[in-house]
Amino acid sequence: MRNKSKGQDQRVVSRRDFMKTSAALSVAAVLSGAERVFAAGNDKIRIGMIGCGGRATGAMIDCFNADQNVELISMCDLFQDRIDGSLNAIKENLKENFAKRVKVTPETCFTGFDGYQKLLKTDIDLIITATPPHFRPEHLRASIVAGKHVFMEKPVATDPAGVQKVLAAAEQARQKKLNVVVGLQRRYQNSYRELYKRKDLIGDITSAQAWWDNDGVWVNKRKPGQTEMEYQMRNWYYFVWLCGDHITEQHIHNIDVVNWFKGGYPVKAQGMGGREVRKGKDNGEIFDHHYVEFEYADGSILNSQCRHIPKTMSRVDELLVGTKGKIRCGAASIVDPTGKVLFQFDKKT
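For the sequence shown, the working numbering gives the first residue as 3, with consecutive numbering after it.
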């Protein structure tokens, strides 16, 4: 399964490389909306971080790089060491500009499950929330009630009740003219946007394929004296109530691309999954492979697969098949049934 063709090489993407682009594109979108709000008043955009892991830290660094008027004011996390680690990473990135742009003090850093409530009382304009997904609906709701703009990582929730809560908060944000952007960054990526503009070149989309296959993610082993709650919070990816499993947590990127190009959502689904290599005590309860056949209202099918199994094919990509051709998202190209290239995105643009 490790053999790859030359064309397939273009579609092999490590999770690390994929995530490098996620926050940068989505954060730029939320900042563009926030700038319109603050342009008439204070030119500083004051940010608070709810959750201080790698994704939130990367998003915060992207904020600094996207706009010189950004300041970090407040931070919260369940664990103080995550706040400290995030500050160290930001300091390493900003170097001599750290003191000018990071205004965090011990009084504006909060730990515990209620830390977000204290953070929302500080003088901030925009929230970055990248906690384990289970908590995001409540953090979004509270942020909108507090009158804050929000960048929230995907997925927005792990269950239907959470999704309903997010939809209600989004409507309230619309009414209050607050900007909310979710980290489904493909919708802001130039290559995908250019492909989308030309999707009519392939006619009606009759089928699609989506992949998120790679080795898997980190594991933080249990430590002596650690409570079960702390262990699960530090290994949130491996527990369904916290992450929603692989389809929800990562593969949602690929499914969202197909929904976007189709202009709708599946109406039926059937699939399978299981645990082939995740069998140890540190592997929680999530599956390591899934396959789902999604059906849209027009009868078209999305064949979706995601896998976390070492030494197997790595691929994060989407393929859309139409009556007149194909869109190969990873290769950023559109071809006709004979393979003739109808459009090739120039990555230099």
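Even for Gly, the Cβ is constructed at its ideal location relative to N, Cα and C.
Within the continuous beta strand (DSSP E) that includes His141, where are the two ends? Per DSSP, His141 lies in no beta strand (DSSP E); the unbroken alpha helix (DSSP H) holding it starts and ends at Arg138 to Val147.
How many Å lie between Arg138 and Ala159 at the Cα? Counting only the Cα atoms, Ala159 lies some 6 Å from Arg138.
Close beta carbons around Tyr247, own chain, < 7 Å, minus the five adjacent residues each side: Sequence inspection shows Asp at residue 247; the Tyr mentioned does not correspond to that position. For Asp247, the CB contacts under 7 Å within the same chain, skipping 5 residues up- and downstream, are Ile288 and Phe289 in chain order.
Among Ser209, Pro134 and Gln82, which has the Cα closest to the Cα of Ile303? Among Ser209, Pro134 and Gln82, the Cα nearest to that of Ile303 belongs to Ser209.
Limits of the alpha helix (DSSP H) - the one that Glu320 falls within: No alpha helix (DSSP H) holds Glu320; the beta strand (DSSP E) holding it covers Arg317 to Gly324.
Can you tell me where the beta strand (DSSP E) holding Asn216 begins and where it ends? Run containing Asn216: Ile207 to Asn216, per the beta strand (DSSP E) assignment.
So the candidates are Arg143, Lys178 and Asp127; which of them puts its Cα closest to the Cα of Val165? Out of Arg143, Lys178 and Asp127, Arg143 has the C-alpha closest to the C-alpha of Val165.
Close Cβ partners of Ile75 (< 7 Å) along its chain, the five nearest in sequence each way excluded: Beyond the five residues adjoining it in sequence on each side, Ile75 comes within less than 7 Å, by CB distance, of Arg48, Ile49, Gly50, Lys105, Val106, Thr110, Thr124, Asp125 and Ile126 in the same chain, given in chain order.
Should His310 and Gly218 be called a contact, given that it needs their Cβ atoms to be closer than 7 Å? Cβ atoms of His310 and Gly218: closer than 7 Å.
Would you say the segment 229-245 touches the segment 257-276, given that touching needs at least three Cβ pairs under 8 Å? The answer is no - the segment 257-276 does not touch the segment 229-245, with fewer than three Cβ pairs under 8 Å.
Which whole-angstrom value describes the C-beta separation of Gly327 and Leu203, a residue pair presumed to lie in contact below a C-beta threshold of 8 Å? With a Cβ gap of about 6 Å, Gly327 and Leu203 count as contacting.
Spatial neighbours of Phe241 in its chain, beta-carbon cut-off 8 Å, leaving aside the 5 residues before and after: For Phe241, same chain residues with a beta-carbon under 8 Å away, outside a window of 5 residues either side, are Gln234, Gly286, Glu287 and Ile288 in chain order.
If we call anything under 7 Å between Cβ atoms a contact, is Leu121 one with Phe112? Yes, these two residues count as a Cβ contact at 7 Å.
Outcome for Glu320 when other beta-carbon atoms lying within 10 angstroms are tallied against a minimum of 16: Its Cβ being crowded by 16 or more others within 10 Å, Glu320 is buried.
Grouping DSSP H, G and I as helix and E and B as strand, with all else coil, what is Glu94? Here Glu94 sits in helix by DSSP.
First and last residue of the alpha helix (DSSP H) that includes Asn256? Counting along the chain, the unbroken alpha helix (DSSP H) around Asn256 starts and ends at Ile254 to Lys264.
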